[in-house]
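Visitor: Counting with numbering that gives the first Met the number 0, you get residues 0 to 147 for the letters of the sequence shown. Glycine included, every Cβ here is placed at the ideal spot set by N, Cα and C. Remember, it's a predicted structure, so these values are computed and weren't measured experimentally.
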Amino acid sequence: MYRPMLENDVDHVAELDRQSYAFPWTAGNFHDSMRAGYRCCLYEESGSIMAYAVMMAVVDEVHLLNLTVVPALQGLGYGAAFLRRLVACSRESGFAVMWLEVRPSNLAARGLYEGFGFRQVGLRKGYYPASHGREDGLVMVLELRNAQ
Ligand SMILES: CC(C)(COP(=O)(O)OP(=O)(O)OC[C@H]1O[C@@H](n2cnc3c(N)ncnc32)[C@H](O)[C@@H]1OP(=O)(O)O)[C@@H](O)C(=O)NCCC(=O)NCCS
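1) From Tyr20, Asn28 and Met0, pick the residue whose C-alpha is nearest to that of Glu6; which is it?
2) Output the residue ranges of the beta strand (DSSP E) runs that lie fully inside the region 21-75 and measure 3 residues or longer, sorted by chain position.
3) Sort Tyr1, Asp10, Leu15 and Ser19 by Cα distance to Ala107 and report the nearest one.
4) Return the bridge partner residues of Val140 from the DSSP annotation.
5) Is the region 69-77 close to the region 41-49, with three or more CB pairs under 8 Å?
6) Residue range of the beta strand (DSSP E) that Pro3 falls in?
7) Just to confirm my understanding: we take Glu100, look at its own chain, exclude 5 residues before and 5 after, and list those with CB closer than 7 Å. What are they?
8) Kindly examine ligand 1 and report whether one of its heavy atoms sits closer than 7 Å to the Cβ of Ser104.
9) With a threshold of 8 Å on Cβ separation, who are the neighbours of Met55 within its own chain once the five nearest residues in sequence on each side are excluded?
10) With respect to the alpha helix (DSSP H) encompassing Asp8, which residues constitute its N-terminal and C-terminal limits?
11) Under 7 Å: does the beta carbon of Thr25 sit that close to some heavy atom of ligand 1?
12) Within 10 angstroms of its Cβ, does Thr67 collect 16 or more other Cβ (buried), or is it exposed?
13) Thinking C-beta only, is Phe117 closer than 8 Å to Leu143?
Encoded structure:
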């Protein structure tokens, strides 16, 4: 089931983020997001967290800040199902567009977003930390009115 992320989920979610990224969010990043009123939600089955997401809403736009499927379950359709739900809920709530940044090297995420119709509209030079220096961020946008 999908449900909001709660403060007492954060330590576990931060551990999952450490397992999922070379440069993960800290527990503090998740706590700050919740306290700032960002939309933090997760998908769980039988009490186990399978995936989670964080979105920031600004006026009529949402910014997808984090979308993660736990490593053992990647490639099985959970990411697409979660994103489909985020897109549908955002559209039904009246948001016009969804923004995100993604690493050029993250081919799985790019494939997911492009499959949903996100298009690249910008490039943030040196946006992400990387093992050797910095990596750019592709800025992508989806117009929700036209989304599937
Ligand atoms: C990126 C992520 C959210 C995708 O979720 P997922 O459950 O693994 O992906 P799905 O099984 O739902 O696949 C959806 C689409 O993503 C793309 N994709 C998924 N895994 C892929 C891979 N290993 N290589 C290339 N494309 C891939 C495909 O386009 C796929 O569509 P298809 O099945 O029709 O080919 C997930 O892999 C993840 O959490 N990765 C680590 C964290 C991360 O990078 N998050 C995104 C940060 S911007």
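Guide: Well, looking at it:
1) Indexing the sequence shown from 1 puts residue 6 at position 7. Considering only alpha carbons, the answer is Asn28.
2) 38-44, 47-57 and 60-68
3) For the purposes of this step, residue 107 is taken as the residue at position 108 of the sequence shown. Ranking Tyr1, Asp10, Leu15 and Ser19 by Cα distance to Ala107 puts Ser19 first.
4) As a first step, residue 140 is located in the sequence shown; it is residue number 141 there, counting from the start. Partner(s): Trp98 and Arg118.
5) yes
6) In the sequence shown, counting from the first residue as 1, residue 3 sits at position 4. That run of the beta strand (DSSP E) goes Tyr1 to Pro3.
7) Your numbering for residue 100 matches position 101 in the sequence shown. Taken in chain order, the residues that qualify are Arg123, Tyr126, Gly136, Leu137 and Val138.
8) What you label residue 104 is simply residue 105 of the sequence shown in a count that begins at 1. For ligand 1, not one heavy atom lies less than 7 Å from the Cβ of Ser104.
9) Residue mapping note: residue 55 aligns to position 56 of the sequence shown, counting from 1. Cβ within range, chain order: Ser32, Ala35, Tyr37, Arg38, Val61, His62 and Leu64.
10) For this step, residue 8 is matched to residue 9 along the sequence shown. Asp8 -> no alpha helix (DSSP H), and no H or E assigned at all.
11) As a first step, residue 25 is located in the sequence shown; it is residue number 26 there, counting from the start. No; taking the cut-off as 7 Å, the Cβ of Thr25 has no heavy atom of ligand 1 nearer than that.
12) Along the sequence shown, one-based indexing puts residue 67 at 68. It is buried - the Cβ of Thr67 has at least 16 other Cβ atoms within 10 Å.
13) The count along the sequence shown starts at 1 and reaches residue 143 at position 144. The count along the sequence shown starts at 1 and reaches residue 117 at position 118. No, they are not a contact pair.
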